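This report refers to the structure that appears directly beneath it.
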Amino acid sequence: MKLALASSSASVEEARKQPAIQVSNLSIVFDTNRGQNIAVDRVSFDVAPGEFVCIVGPSGCGKSTVLNTIAGLEVPFEGDILVEGAPVYSPRPDVGMVFQQPHLFPWKSVRRNIAHGPRMLGRSRAEANAIADDLIAMVGLTRFADAYPNTLSGGMQQRVAIARALANQPRVLLMDEPFGALDAQTRAVMQDNLLALRDRIKATIVFVTHDIDEAIVLADRVLIMSAGPGRILREVAVKLPRPRSSSVMLEPAYLALKKDCLDVIRAEGLRAFNRSEAN
Amino acid sequence: MAVRTDGRARRPDSVRLRRVNILVGALSLPLFVCLWELVSRSGAVNMVLFPPPTVVATAVLEWIRSGQFFGDLLASLFRVTTGFIMGGALGILLGVLTGQFPVISSLLSPLFHILRPIPPIAFVPIVILWFGLSEAGKLFLVVWGVFFTVWLSTHIGVQKVDRGLIRAALMLGTPRRQMLQEIVLLGALPYIVVGLRTAVSISFYTLVAAELAGAFAGIVYRIEIAQQNLQTGQVMGGLAALGLISFVADRLFAALAERLVWWR
Chain P
4 MKLALASSSA
14 SVEEARKQPA
24 IQVSNLSIVF
34 DTNRGQNIAV
44 DRVSFDVAPG
54 EFVCIVGPSG
64 CGKSTVLNTI
74 AGLEVPFEGD
84 ILVEGAPVYS
94 PRPDVGMVFQ
104 QPHLFPWKSV
114 RRNIAHGPRM
124 LGRSRAEANA
134 IADDLIAMVG
144 LTRFADAYPN
154 TLSGGMQQRV
164 AIARALANQP
174 RVLLMDEPFG
184 ALDAQTRAVM
194 QDNLLALRDR
204 IKATIVFVTH
214 DIDEAIVLAD
224 RVLIMSAGPG
234 RILREVAVKL
244 PRPRSSSVML
254 EPAYLALKKD
264 CLDVIRAEGL
274 RAFNRSEAN
Chain S
80 MAVRTDGRAR
90 RPDSVRLRRV
100 NILVGALSLP
110 LFVCLWELVS
120 RSGAVNMVLF
130 PPPTVVATAV
140 LEWIRSGQFF
150 GDLLASLFRV
160 TTGFIMGGAL
170 GILLGVLTGQ
180 FPVISSLLSP
190 LFHILRPIPP
200 IAFVPIVILW
210 FGLSEAGKLF
220 LVVWGVFFTV
230 WLSTHIGVQK
240 VDRGLIRAAL
250 MLGTPRRQML
260 QEIVLLGALP
270 YIVVGLRTAV
280 SISFYTLVAA
290 ELAGAFAGIV
300 YRIEIAQQNL
310 QTGQVMGGLA
320 ALGLISFVAD
330 RLFAALAERL
340 VWWR
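Quick note, the sequences are listed as chains P and S, same order.
To convert, count from 1 in the first sequence and add 3; that's the numbering used here.
To convert, count from 1 in the second sequence and add 79; that's the numbering used here.
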């Protein structure tokens, strides 16, 4: 009995040690009319279960491509991606995604949009609607449950998109610059919402952004990428206390972290500039 | 204060202008009919060839009283609606197939693009050879006219479905075989509806060709018979009836279209 207990707790320990996402030696190459373009060059990183990782980098550094590959929407040229220990070949319902554009189904009401995922996984309409209504309440859109997407503001649409991605209770939530198209005020509110939401869901989150502030406010760990070809330059652990809100940006610890990140980015920018001057 | 008086002065002006416009709009048709009546009766034109509205109205009343009108109306409406539904259904079906599957598109699109620009009227001679004066030949012409418009708009609509919606649907676990009904058809619906609306007027246009080619009843058939008897009033009445019917059909379809694309 004691032995069985020990072994089961060992397997729990094992499961805890296993990363939620393992990206190893990922390269992505695009064919262009000027030959092959290496978008992502041998990128490796792990994400622990429940961790919130932000990938920051300039546009064109391949950060969205990395995310799409984890999602199974793009096929790696080389390298492996494991989510929950299983390789990714195509989109999986245990991996949710929020895109830069909300991409809501315009012909479905807010409730039906969110209920879509559970319906596709075989839930009854009543079950799916119940899941949707819970999530609608969680993102604070109860008044708009029957509204159509084109009547909602950009921020509200993106909240629906987040709720929709959570409806299948994904183990991993991928977010591709979800607040990039929003104005500054809405974006700050959305960041606070996401931080509050994050404490209630257990999903592992990988969040792509080009905004260093957004990355530090949200993440447990920030991966800084460089462009041409995309590589990971530096990992920065964000040991700011949780629960967190965007007001953390005024703390000295925050500013020190930001300085670290900016130094890395500036050095890389200079290197890229000198290289292009030399050519 | 100056700004306010300016605003106060301007607003009644625009209201008055709008009222004048409505009044002029309401007078447009009566004025035109009166002018027509005057010109016809002035002796400047041949009244037999250019009868006044009163004569046209008498001819239409006589047409209705004789009982022929409803027979003609039913015959024409049957051809238009049956041809529209058949051509529309075929167009949507093949448009979805060519829009969704590149192989089918490669097979059929070149053929369709060659056949599409040929005006349906040009098929009247061969339709008479194939079908004689039967109803099948008339339906063929209407179906032919409707099909290509609906096919092309459906094809384009299916191809223009937002890739982002498809990616979002994939991430939510939508099976690929359900993508058509869940995303593609609805995404293409606004285009399909526009194609169908254009096809409404095309179906009337091909109806004219079909009935002129030889028929035994129908609005356009009646116009042709009246022309041969020099009943110009009846000819004009037929034209007015045709215009009215296709106007009503277009309005009805516009109202239907609003409901079909319910999320707009």
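By construction, the Cβ of each residue, glycine as well, lies at the ideal position given by its N, Cα and C atoms.
This structure is a prediction, so every number in the text was calculated from the model and none was measured.
Q. Considering only C-alpha positions, which residue in the set S:Gln147, S:Leu117 and S:Gly150 is nearest to Val134 (chain S)?
A. Answer by Cα proximity: S:Leu117.
Q.
Does chain S have any CB closer than 9 Å to the CB of Pro96 (chain P)?
A. Yes, Pro96 (chain P) counts as interfacial toward chain S.
Q. For Phe102 (chain P), which of helix, strand or coil comes out of DSSP?
A. Shown here, Phe102 (chain P) sits in coil according to DSSP, grouped into three states, outside any helix or strand.
Q: Identify the contact partners of Gly252 (chain S) in chain P, using a Cβ-Cβ distance below 7 Å as the criterion.
A: Correct list: Pro96, Gly120, Met123, Leu124 and Asn171.
Q) Going along chain S, which residues have a C-beta under 9 Å from Gly99 (chain P)? A) Annotation: Cβ neighbours of Gly99 (chain P) in chain S (cutoff 9 Å, chain order): Met250 and Leu251.
Q: With 9 Å as the threshold, decide whether the Cβ of Gln160 (chain P) is near any Cβ in chain S.
A: With a threshold of 9 Å between beta carbons, Gln160 (chain P) makes no contact with chain S.
Q: May I ask you to list the residues that DSSP assigns as paired with Gly104 (chain S)?
A: In DSSP, Gly104 (chain S) forms no bridge with anything.
Q: Could you tell me whether the segment 317-324 of chain S touches the segment 243-261 of chain S, using the rule of 3 or more Cβ pairs below 8 Å?
A: The segment 317-324 of chain S, when compared against the segment 243-261 of chain S, does not touch it at the 8 Å Cβ threshold.
Q) For a contact meaning CB atoms closer than 7 Å, what does Leu244 (chain S) contact in chain P? A) Residues of chain P with a Cβ closer than 7 Å to the Cβ of Leu244 (chain S) are, in chain order, His106 and Phe108.
Q.
If you follow the alpha helix (DSSP H) that Arg45 (chain P) is in, where does it begin and where does it stop?
A. Here Arg45 (chain P) belongs to no alpha helix (DSSP H); instead the beta strand (DSSP E) covers Gly38 to Val50.
Q | Delimiting residues of the alpha helix (DSSP H) encompassing Ala222 (chain P) | A | Neither: Ala222 (chain P) is in no alpha helix (DSSP H) and is coded neither H nor E.
(Q) List, from N- to C-terminal side, the alpha helix (DSSP H) runs of 4 residues or more that fit wholly inside the segment 105-157 of chain P. (A) Taking only runs of at least 4 residues, the alpha helix (DSSP H) segments lying wholly in the segment 105-157 of chain P are 113-123 and 128-141.
Q: On the DSSP bridge assignment, give the partners of Ala288 (chain S) in chain order.
A: Its beta-bridge partners do not exist; DSSP assigns none.
Q: Check the Cβ-Cβ distances between Pro244 (chain P) and every residue of chain S, and say whether any is below 9 Å.
A: Output row for Pro244 (chain P): interface = no.
**Q.** Run of the beta strand (DSSP E) containing Thr253 (chain S), from where it starts to where it stops
**A.** Counted as a single uninterrupted DSSP element, the stretch harbouring Thr253 (chain S) is not any beta strand (DSSP E), since DSSP gives it neither H nor E.
Q) At what residues does the alpha helix (DSSP H) containing Ala191 (chain P) begin and finish? A) In this chain, the alpha helix (DSSP H) harbouring Ala191 (chain P) covers Ala187 to Arg201.
Q: Use the C-beta contact count for Ala81 (chain S): other C-beta atoms within 10 angstroms, 16 or more gives buried, fewer gives exposed.
A: The pLDDT assigned to Ala81 (chain S) is 46, lower than 50, so where the model puts this residue is not dependable, and the model offers no usable value.
Q: Answer with buried or exposed for Val86 (chain P), where buried requires no fewer than 16 other C-beta atoms within 10 angstroms of its C-beta.
A: Label assigned to Val86 (chain P): buried.
Q. Do Arg237 (chain P) and Val267 (chain P) have their CB atoms nearer than 9 Å?
A. Between Arg237 (chain P) and Val267 (chain P), the gap from beta carbon to beta carbon is short of 9 Å.
Q: With Asn277 (chain P) as the anchor, note down where its alpha helix (DSSP H) starts and where it stops.
A: From DSSP, the alpha helix (DSSP H) with Asn277 (chain P) extends over Pro255 to Ala281.
Q.
Within a Cβ cutoff of 6 Å, which residues of the same chain sit near Phe148 (chain S), ignoring the five residues on either side of it in sequence?
A. Within the same chain, Trp142 come within 6 Å of Phe148 (chain S) by CB-CB distance, once the 5 residues on both sides are set aside.
Q) What are the start and end residues of the beta strand (DSSP E) that includes Gln25 (chain P)? A) Taken as a continuous stretch (DSSP letters only), the beta strand (DSSP E) holding Gln25 (chain P) covers Ile24 to Thr35.
Q) Using DSSP with H/G/I as helix, E/B as strand and the rest coil, what is Cys57 (chain P)? A) Three-state result, Cys57 (chain P): strand.
Q) Exposed or buried, what is Pro91 (chain S) when buried is set at 16 or more other beta-carbons lying within 10 Å of its beta-carbon? A) Residue burial annotation: Pro91 (chain S) is exposed, with fewer than 16 other C-beta atoms found within 10 angstroms of its C-beta.
Q) Under 9 Å, do Ala170 (chain P) and His119 (chain P) count as touching if we go by C-beta distance? A) Contact annotation: Ala170 (chain P) and His119 (chain P) have beta-carbon atoms nearer than 9 Å.
Q | Alpha carbon of Ile219 (chain P) to alpha carbon of Asn71 (chain P), nearest angstrom | A | Between the alpha carbons of Ile219 (chain P) and Asn71 (chain P) lies a distance of about 22 Å.
Q: Look at the alpha carbon of Val175 (chain P) and the alpha carbon of Phe108 (chain P), and state the distance between them as a whole number of angstroms.
A: Their Cα atoms are separated by approximately 22 Å.
Q. Does any C-beta atom of chain P lie closer than 9 Å to the C-beta of Gln257 (chain S)?
A. Closer than 9 Å to some Cβ of chain P, the Cβ of Gln257 (chain S) qualifies, so yes.
**Q.** Beta-bridge partners of Glu81 (chain P), as assigned by DSSP
**A.** As computed with DSSP, Glu81 (chain P) is found in a beta bridge with P:Ser30.
Q. Hey, would you say Phe129 (chain S) sits closer than 9 Å to Thr311 (chain S), going by beta carbons?
A. Yes.
Q: Pick out whichever of P:Asn116, P:Gly99, P:Ile208 and P:Met100 has its Cα sitting closest to the Cα of Asp149 (chain P).
A: Looking at the Cα atoms, P:Asn116 is the closest of the given residues.
Q. When the Cα atoms are used, what is the spatial distance from Arg242 (chain S) to Leu331 (chain S)?
A. Linking Arg242 (chain S) to Leu331 (chain S) through their CA atoms gives a straight-line distance of about 33 Å.
Q: Using a Cβ cut-off of 9 Å (strictly closer), state whether Pro255 (chain P) contacts chain S.
A: So, not an interface residue.
Q: For Ala9 (chain P), name the three-state secondary structure that DSSP assigns.
A: In this prediction, Ala9 (chain P) has a pLDDT of 44, which is less than 50 and means its spatial position is unreliable; nothing more can be read from the coordinates.
Q | is_contact[Trp209 (chain S), chain P] using C-beta, thresh 9 Å | A | Among the residues facing chain P, Trp209 (chain S) is not included, as its CB has no counterpart in that chain under 9 Å away.
**Q.** Cβ shell of Glu290 (chain S) (< 6 Å), same chain only, five flanking positions each side left out
**A.** For Glu290 (chain S), where only same-chain residues beyond five positions count, the Cβ hits under 6 Å are Gly297, Val299 and Tyr300.
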